[in-house]
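Single-structure report; data block below.
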Amino acid sequence: MGALLSLDGVVAGYNQGLVLKGVNLSVDASEVTCLIGPNGAGKSTVLKTVSGLLKPISGTVCFDSEDITSLSTHERLRRGIVHVPQDRSLFPAMTVWDNVLMGAHIVRDHAAIRSRLATVVEMFPIVERRRQAHAGSLSGGEQKIVEIARTMMLDPKLILLDEPSIGLDPRSRRLVFDTIRELTKAGRTVLLVEQNARSGLAVAQHGAILEGGVVKLEGTGLSLLDDPLVAQLYLGAVAPTTSVASRATGVLPSPNSISALKEPQ
Amino acid sequence: MTVVRRAGLALLLTAAVLVGFVGVTHWIMNIFIFTVMYAGLATGWNLVGGFAGYTSLGHAAFFGIGAYAMDVTFEHHSIGAGYVPFAILPFIGIGVAALSIPLGWIAMRTRAATFAIVTITLLFVVQTLAFNLKSITHGSQGMGITPPPFALHTYERPFYVAMLAMLVLALLITWYVQRSKLGLALAAIRDDEDKAHGVGVHVTAVKLIAFSTSVAIASMIGAVWAYYVLFIYPQFAVDPLISIGIVLMVFLGGKGTLWGPALGALIVVPAQQYFAYELGASKLYLIAYAGLFLVIMLFLPQGIIPSLASWADRNRHRRARTLSGGQLVSPPLHELLP
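In order, the protein sequence lines correspond to chains A and B. If you're matching positions, the first sequence starts at 3 in the numbering used here and goes up one per residue. If you're matching positions, the second sequence starts at 4 in the numbering used here and goes up one per residue.
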């Protein structure tokens, strides 16, 4: 599969200063790419730069072979880039059904809405099962699933997920990661930012480590899981030597990247 | 809509029209007119107060502007008598809707309690203008209209039909809004305006559409009222009690529902009119207003229709679970799709 999204030398930041200092990243179609890194590394800023919430100071963002760097959020939305923010974005007093319908607010084609709704109902049974429940009455995990279901109403090509498992119990977390797997099976591309690095990399075909505003290390999700330094820095000190790790394939970190990771933070 | 519902609605509308043609005493007919008038005002208010969640206390200002528009038209432009003045109602509605756009644009930059205060301030500004623009409104002396040449024994009938037409218009607009993207957008705004913006709702435009439509209905009803009562003055035409009454009726019947505001009016207005007749000018009915507000807050915080709907929903689910051995039975998908 070719790259659906590529960031080339992206520099971006807020009033306080630069956060991204030359990010190079490519996201292949129909895959999950997981971005991990310490707090303040710029993971969420990468997503904002892709969705158009933040304009880069320099560098280019290409999507589907088109330079979208100067496009507005709305135009990017129309091209199929949707952003699921870290905070709960459902309307708590509206029903699950109405929340999902709100996902298609900018879509004018009624036939497309009906067809997407049918797909969403089939893919996310909770939408039909809890259709009359107020979104605010759902558990955290269920709310995140409905949020993802809502984004599907835009028939997205690329879904940007910002820490979807934050604040969830283990069961809800599993539900969310199972849903992410389902998204790729349905041909969607996901750029995932995740603090829970182990779960994030386990679900990803491709992983990248962002530190100090640049991508320090890239590889397959499984290869990063198997990397002792990544394990030490982001996975709780113990490198997994399980059968999962032994199946790791793809790009292994170069010695330079590893030494970069050793630099004091 | 099912055949049974359509038949029920047709029956209800026929009954509502026929009520105006039964031979009842003038004071009973007067109660009918005021009930239908408040039902229309409350249904119109519901668009902005119920669906968008913007509690306006200034609707009486637009009611008063409509009333003065009718009287000023009579005085400064000869529009004839009889049924002709009813024909200018759409022009009054459109004019007031246009006027309300800049006002709403400013007022709706505020939210919640601040919006309520801004709109009640607007009400007093309009009342003060009615007092002071003497060359147009005759100030506190008030304005009068020559009585229309309607037959005495059926005098109220045209006004009743006109008020009923306004109510039907308000209901039709609400019915459309409920089933359209506009209704969904208003519900999203009520829930969280910033999130609504995030999913692509043109928040300002949607709010202004709801506000201008709502106040246009209030102004047309005000115009019919002015023609009915024949004489208006500032405290009478721009009366805060009108706004409070409307809000009370919507809260009692159920905010954001189609029939709730009309149901609220059907309960409150006859009771209020009856007590006003019985207790004269003592205004003791205001104590009943306060009591009713307390009852709503304590026992029916959602209003009658949403409470009944929740109760029916719980029963339906319980019955469905019993029938399916504990599993919730969903309707087929084609019934859920828009």
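All C-beta atoms in this analysis are idealised placements derived from N, C-alpha and C, irrespective of residue type, glycine included.
The Cβ atoms of glycine 24 of chain A and valine 195 of chain A lie no closer than 7 Å to each other. The beta-carbon separation of methionine 252 of chain B and alanine 45 of chain B, rounded to 4 Å, stays under the 8 Å limit for a contact.
Straight across, the Cα-Cα distance linking valine 148 of chain A with valine 48 of chain A is about 24 Å. DSSP, reduced to helix, strand and coil, places alanine 14 of chain A within a strand of the structure shown. If you check each beta-carbon in the stretch 175–192 of chain B against every beta-carbon of chain A, the ones closer than 9 Å belong to Lys184, Leu187, Ala188, Ala190, Ala191. Taken through DSSP and simplified to helix, strand or coil, aspartate 164 of chain A comes out as strand. For lysine 198 of chain B, the chain A residues whose C-beta falls within less than 7 Å of its own C-beta are Ser91, Phe93, listed in chain order. Under the Cβ criterion of 7 Å, glycine 203 of chain B is counted among the residues facing chain A.
Residues of chain B whose Cβ lies closer than 7 Å to the Cβ of isoleucine 108 of chain A are, in chain order, Gly203. The shortest C-alpha to C-alpha distance from proline 87 of chain A to any of A:Ile161, A:His208, A:His107, A:Gly11 is the one to A:Ile161. Within the same chain, and ignoring the five residues on either side of threonine 131 of chain B in sequence, no residue has its Cβ closer than 7 Å to its Cβ. Here the alpha carbons of tyrosine 71 of chain B and methionine 125 of chain A stand approximately 58 Å from one another. If you draw a straight line from the Cα of isoleucine 59 of chain A to the Cα of serine 72 of chain A, it comes to about 11 Å. The three-state secondary structure of serine 174 of chain A, taken from DSSP, is helix.
With its beta carbon less than 7 Å from one in chain A, aspartate 194 of chain B belongs to the interface. Contacts with chain B at 7 Å (Cβ-Cβ) include methionine 104 of chain A. Take the alpha-carbon of glutamate 144 of chain A and the one of isoleucine 128 of chain A: they are about 8 Å apart. At the C-beta level, glycine 186 of chain B and phenylalanine 254 of chain B stay beyond 7 Å of one another. With a cutoff of 7 Å on beta-carbon distance, threonine 153 of chain A and serine 32 of chain A are scored as not near each other. Every unbroken stretch of the alpha helix (DSSP H) spanning 4 or more residues and falling wholly within the stretch 39–63 of chain A is given here in chain order: 45–53. The residue among A:Asn17, A:Ala43, A:Gly4 with its C-alpha nearest the C-alpha of alanine 210 of chain A is A:Ala43. Burial state of serine 138 of chain B is exposed, judged by a 10 Å Cβ sphere holding fewer than 16 other Cβ atoms.
Using a Cβ-Cβ distance cut-off of 8 Å, the stretch 209–216 of chain B and the stretch 188–196 of chain B are in contact, since at least three pairs of beta carbons, one from each stretch, lie closer than that value.
For a Cβ distance threshold of 9 Å, residue set Leu187, Ala190, Ala191 of chain B lies close to aspartate 100 of chain A, ordered along the chain. Under the criterion of beta carbons closer than 8 Å, phenylalanine 278 of chain B and alanine 291 of chain B qualify as touching, at roughly 6 Å.
Partner residues in the beta bridge of threonine 191 of chain A, as assigned by DSSP, are A:Leu160. Each of A:Gln18, A:Pro40, A:Val34, A:Asp69 was checked against the Cα of valine 12 of chain A, and the nearest Cα belongs to A:Asp69. Taking all protein chains in view, the Cβ of arginine 175 of chain A is crowded by 16 or more other Cβ atoms within 10 Å, so the residue is classified as buried. Here isoleucine 104 of chain B has Leu211, Ser215 as same chain residues with Cβ atoms under 7 Å from its own Cβ, once five neighbours each way along the sequence are excluded. Within the stretch 92–133 of chain B, the alpha helix (DSSP H) runs of at least 4 residues that lie entirely inside it are, in chain order, 92–110. Counting the other CB atoms within 10 Å of its CB gives serine 53 of chain A a total of 16 or more, which places it among the buried residues.
If you draw a straight line from the Cα of proline 152 of chain B to the Cα of valine 20 of chain B, it is about 22 Å long. Residue-level contact by beta carbon fails for methionine 125 of chain A and chain B, as no gap is shorter than 7 Å.
It is roughly 10 Å from the alpha-carbon of lysine 159 of chain A to the alpha-carbon of leucine 79 of chain A. With at least 16 other beta carbons inside 10 angstroms of its own, lysine 45 of chain A counts as buried. Distance from the CA of glycine 294 of chain B to the CA of glutamine 275 of chain B, rounded to the nearest whole angstrom, comes to 12 Å.
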